[in-house]
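Novice: Quick one: the structure is below, and I'll ask about it shortly.
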Amino acid sequence: MHEMSLAEGIRQIVEDAGRSQGFGKVKIVVLEIGELSSVEPESLRFCFDVVMKDSIADGAQLQIDPVPGSGWCMQCAETVPISALYDPCPKCGSYQVQATSGTEMRVKELEIE
Amino acid sequence: MCNVCGCGTGETRIDGEAVDHEQEHEHVLADGTVHRHSHGPAGQKWAPVAAGHAHSHGPEGEHVHEDMDGSLHYGHGPAGAHAPGMSQAQMVKIEQNILAKNDGFAERNRSWLAERGILALNLVSSPGSGKTTLLVRTIEALKRRVPVAVVEGDQQTSFDAERIRATGAPALQINTGKGCHLDAHMVGRALEKLAPSDNSVLLIENVGNLVCPAAFDLGEAAKVVVLSVTEGEDKPLKYPDMFAAASLMLVNKIDLLPYLNFPVDKAIEYALRVNPKLQVIQVSATTGAGFHEWLGWIDARLAEAVAARTR
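See the structure below:
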């Protein structure tokens, strides 16, 4: 989707943190991106470099830590791993699976100079 | 560029008037002047921590995969690895949602609406699903018993707002310019201008796009996804995020079913795979078929909003 907007959001979080924490240069930006989130890592990587220009994270590396997807299977009444929103339960094959984790899009931490 | 929606500065227009997103934020200027934000980073936690976590040193570069059938996937690769020497580095914990800013505005809208007992529905679909025609008929049916106001989102033109105003309902057009979705800040501004009455229904017609609007909470009570039978029945699987985010799916243009090869059951089955809790109503905005059920759905939710009114 709109990875450019997300990159803009990241820039703002990074700049805000730099101001409150008093650091002026970011070397690595670490994100947590869930497998079931609507973010496309390769597209975000491309936008990131463009959007970070002239910010405190200009030239910073982007590390994306994937978070595996999981959902609650209503048939099995337990949490099961899924890798897409439309995946069936790997145990019983039912599609009655509600995503419970893996939808996050977070800035986790920064490596600063 | 707008930090929330990615649209170019001055591209967003509310009823033809430029919206300056930047006035809400503050920035470090080129000369080093620091402008502090008015909205504090609530809930933001950070603390320097010692580094030393190991990283896999995978190759940077393309992670595009080619399937047996020749189609290209950008989603199957490793999410990415990097190769820093991290031994002495200083890490700062952030733990903040990338869309936190939008979500903050959305919460503000949500409480503004809750105070007034206003039911806000965010209508999303691909372009051409018949959203505006559906809205016009819905307003005609509702307006005798409840006030209805509309926020119209499109990249350009105010054609849709004009169609809505012809019903007598107040409508505000937001032009997103280069943006592909409405965001909560735009809707907040629209609420101030539109000033919908207490105990009313606010219908937000999002930009015709099955992808981006899924991630942007506007402060609505529910997202309603419209899928028309002139589209493919496999859309819920092709664009799962939107169907996962919606509470209700309206299958529209069912009056055309005799002329089409559209397996309704299949479309509903696919949508329920993505979102087992999704409610489904089949309608025709042209003939009014299914409207009794759709209006009943709105009435039930409006009653909840009015009962929960906080002001």
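Those sequence lines, one after another, are chains A and B. Those letters in the first sequence? Residues 1 to 113, by full-length UniProt numbering. Those letters in the second sequence? Residues 1 to 311, by full-length UniProt numbering. Heads up, the beta-carbon is just placed ideally off N, CA and C, and yes, glycines get one too.
Is Ser55 (chain A) helix, strand or coil by DSSP?
Specialist: The sequence position of residue 55 (chain A) within the first sequence is 55, counting from 1. Three-state result, Ser55 (chain A): coil.
Novice: Measuring only the C-alpha atoms, how far is Leu203 (chain B) from Asn209 (chain B)?
Specialist: For the purposes of this step, residue 203 (chain B) is taken as the residue at position 203 of the second sequence. For the purposes of this step, residue 209 (chain B) is taken as the residue at position 209 of the second sequence. If you take the alpha carbons of Leu203 (chain B) and Asn209 (chain B), they lie about 17 Å apart.
Novice: Going by Cα to Cα distance, which pick from B:Lys253, B:Glu233, B:Leu257, B:Val226 is closest to Met242 (chain B)?
Specialist: If you number the second sequence from 1, residue 242 (chain B) lands on position 242. Nearest of B:Lys253, B:Glu233, B:Leu257, B:Val226 to Met242 (chain B), Cα basis: B:Val226.
Novice: May I ask you to list the residues that DSSP assigns as paired with Leu202 (chain B)?
Specialist: Taking the second sequence and counting its residues from 1, the one referred to as residue 202 (chain B) is at position 202. The partner list for Leu202 (chain B) (beta bridge, DSSP) reads B:Ala120, B:Ala149.
Novice: State yes or no: is the beta carbon of Glu95 (chain B) nearer than 9 Å to at least one beta carbon in chain E?
Specialist: In the displayed structure, chain E is absent; the protein chains listed are A and B.
Novice: Would you please verify whether the beta carbon of Lys91 (chain A) is less than 9 Å from any beta carbon of chain B?
Specialist: For this step, residue 91 (chain A) is matched to residue 91 along the first sequence. So, not an interface residue.
Novice: Rounded to whole angstroms, what's the CA-CA distance from Gln61 (chain A) to Phe46 (chain A)? Just pull it up for me.
Specialist: Along the first sequence, read from residue 1 onward, the residue named residue 61 (chain A) stands at position 61. Along the first sequence, read from residue 1 onward, the residue named residue 46 (chain A) stands at position 46. Taking the straight line from one Cα to the other gives about 11 Å.
Novice: Counting only the same chain and skipping the five closest in sequence on each side, list residues whose C-beta sits under 6 Å from that of Gly117 (chain B).
Specialist: Against the second sequence, residue 117 (chain B) aligns to sequence position 117. Closer than 6 Å at the Cβ level, and outside the excluded window around Gly117 (chain B), lie Asp198, Asn199, Ala305, Val306, Arg309.
Novice: Report the partner residues of Arg165 (chain B) according to the DSSP bridge assignment.
Specialist: Taking the first residue of the second sequence as position 1, residue 165 (chain B) is located at position 165. Arg165 (chain B) is not bridged to any residue.
Novice: For Ala30 (chain B), name the three-state secondary structure that DSSP assigns.
Specialist: In the second sequence, counting from the first residue as 1, residue 30 (chain B) sits at position 30. Unreliable positioning characterises Ala30 (chain B) in this predicted model, as indicated by a pLDDT of 47, which lies under 50. The coordinate reading is nonetheless provided below. Three-state result, Ala30 (chain B): coil.
Novice: Report all residues from its chain with a CB closer than 7 Å to the CB of Ala285 (chain B); omit the five preceding and five following residues, and keep chain order.
Specialist: Within the second sequence, numbered from 1, the residue matching residue 285 (chain B) stands at position 285. Within the same chain, Ala285 (chain B) has close Cβ partners Gly130, Thr133, Leu134, Arg137, Asn252.
Novice: Express the C-alpha separation of Glu231 (chain B) and Leu250 (chain B) in angstroms, rounding to a whole number.
Specialist: Here residue 250 (chain B) corresponds to residue number 250 of the second sequence, with the count starting at 1. Here residue 231 (chain B) corresponds to residue number 231 of the second sequence, with the count starting at 1. Between Leu250 (chain B) and Glu231 (chain B), the C-alpha separation is close to 13 Å.
Novice: What does the alpha-carbon distance come out to for the pair Leu172 (chain B) and Leu123 (chain B)?
Specialist: On the second sequence, position 172 is the one that residue 172 (chain B) refers to. On the second sequence, position 123 is the one that residue 123 (chain B) refers to. Their backbone Cα atoms lie some 15 Å apart in a straight line.
Novice: Smallest Cα separation from Met4 (chain A): which of A:Lys27, A:Val30, A:Val51?
Specialist: For the purposes of this step, residue 4 (chain A) is taken as the residue at position 4 of the first sequence. Looking at the Cα atoms, A:Val51 is the closest of the given residues.
Novice: Can you list, in chain order, the residues of its chain with a C-beta nearer than 8 Å to that of Ala246 (chain B)? Leave out the 5 residues immediately preceding and following it.
Specialist: Mapped onto the second sequence, residue 246 (chain B) falls at position 246. Counting only Cβ-Cβ distances below 8 Å, and skipping sequence neighbours, we find Val124, Ala222, Lys223, Val224, Val225, Asn275, Leu278.
Novice: My output table needs one value for Gln155 (chain B): the three-state DSSP class, helix, strand or coil.
Specialist: Within the second sequence, residue 155 (chain B) is the residue found at index 155, counting from 1. Looking at Gln155 (chain B) - three-state DSSP - the assignment turns out to be coil, as it is neither helix nor strand.
Novice: Applying the 10 Å Cβ sphere with the 16-neighbour rule, what's the burial state of Pro78 (chain B)?
Specialist: Mapped onto the second sequence, residue 78 (chain B) falls at position 78. Summary for Pro78 (chain B): the model assigns pLDDT 37, below 50, so the residue's position carries little reliability, and this model does not support an answer.
Novice: Using C-beta distances below 7 Å, list every residue in its chain close to Asp255 (chain B), excluding the 5 sequence neighbours before and after it, in chain order.
Specialist: Here residue 255 (chain B) is taken as the residue at index 255 of the second sequence, counted from 1. The answer, listed in chain order, is Ser284, Thr286, Thr287, Ala289.
Novice: Any beta-carbon of chain B closer than 9 Å to the one on Ala99 (chain A)?
Specialist: In the first sequence, counting from the first residue as 1, residue 99 (chain A) sits at position 99. With 9 Å as the cut-off, Ala99 (chain A) counts as an interface residue toward chain B.
Novice: Starting from Gly34 (chain A) and walking both ways along the beta strand (DSSP E), at which residues does that stretch end?
Specialist: Within the first sequence, residue 34 (chain A) is the residue found at index 34, counting from 1. Start and end: 26 to 34.
Novice: In this structure, does DSSP put Ile87 (chain A) in helix, strand or coil?
Specialist: If you number the first sequence from 1, residue 87 (chain A) lands on position 87. It should be pointed out that residue 87 (chain A) corresponds to Asp in this sequence rather than to Ile. Here Asp87 (chain A) sits in coil by DSSP.
Novice: What separation, rounded to the nearest whole angstrom, lies between the Cα atoms of Gly295 (chain B) and Leu142 (chain B)?
Specialist: If you number the second sequence from 1, residue 295 (chain B) lands on position 295. If you number the second sequence from 1, residue 142 (chain B) lands on position 142. The sequence given here has Leu at residue 295 (chain B), not Gly. Rounded to the nearest angstrom, the two C-alpha atoms are 8 Å apart.
Novice: Taking beta-carbon pairs under 8 Å, can you tell me which members of the region 199 to 216 of chain B lie near chain A?
Specialist: Cβ contacts with chain A come from Val211, Cys212, Ala214, Ala215.
Novice: Between Phe243 (chain B) and chain A, is any beta-carbon pair separated by less than 9 Å?
Specialist: As a position in the second sequence, residue 243 (chain B) is number 243, starting the count at 1. Chain A, which has a Cβ nearer than 9 Å to the Cβ of Phe243 (chain B), makes this yes.
Novice: Quick one: grab the DSSP three-state call for Pro282 (chain B).
Specialist: The residue you call residue 282 (chain B) lines up with position 282 of the second sequence. Checking the displayed sequence, the identity of residue 282 (chain B) turns out to be Gln instead of Pro. In the structure shown, Gln282 (chain B) sits in a strand (DSSP, three-state: E or B).
Novice: Who are the Cβ neighbours of Leu99 (chain B) in its own chain at under 7 Å, not counting the five residues just before and after it?
Specialist: Position 99 of the second sequence holds residue 99 (chain B). These residues qualify, in order along the chain: Ala215.
Novice: Using 8 Å as the Cβ pair cut-off and three pairs as the minimum, do the region 11 to 25 of chain A and the region 74 to 93 of chain A touch?
Specialist: Contact fails: fewer than three Cβ-Cβ distances are below 8 Å.
Novice: Using a threshold of 9 Å, state whether the C-beta atoms of Cys180 (chain B) and Val151 (chain B) are closer than that.
Specialist: Along the second sequence, read from residue 1 onward, the residue named residue 180 (chain B) stands at position 180. Along the second sequence, read from residue 1 onward, the residue named residue 151 (chain B) stands at position 151. Cβ atoms of Cys180 (chain B) and Val151 (chain B): not closer than 9 Å.
Novice: Would you kindly report the start and end of the unbroken beta strand (DSSP E) that includes Ala17 (chain A)?
Specialist: Numbered from 1 along the first sequence, position 17 holds the residue referred to as residue 17 (chain A). No beta strand (DSSP E) contains Ala17 (chain A), which is instead part of the alpha helix (DSSP H) from 3 to 21.
Novice: Could you round the C-beta distance between Lys25 (chain A) and Ile112 (chain A) to whole angstroms and report it? I think they count as a contact, below 8 Å.
Specialist: For the purposes of this step, residue 25 (chain A) is identified with residue 25 of the first sequence, where counting begins at 1. For the purposes of this step, residue 112 (chain A) is identified with residue 112 of the first sequence, where counting begins at 1. Indeed they touch by this definition, with Cβ atoms about 7 Å apart.
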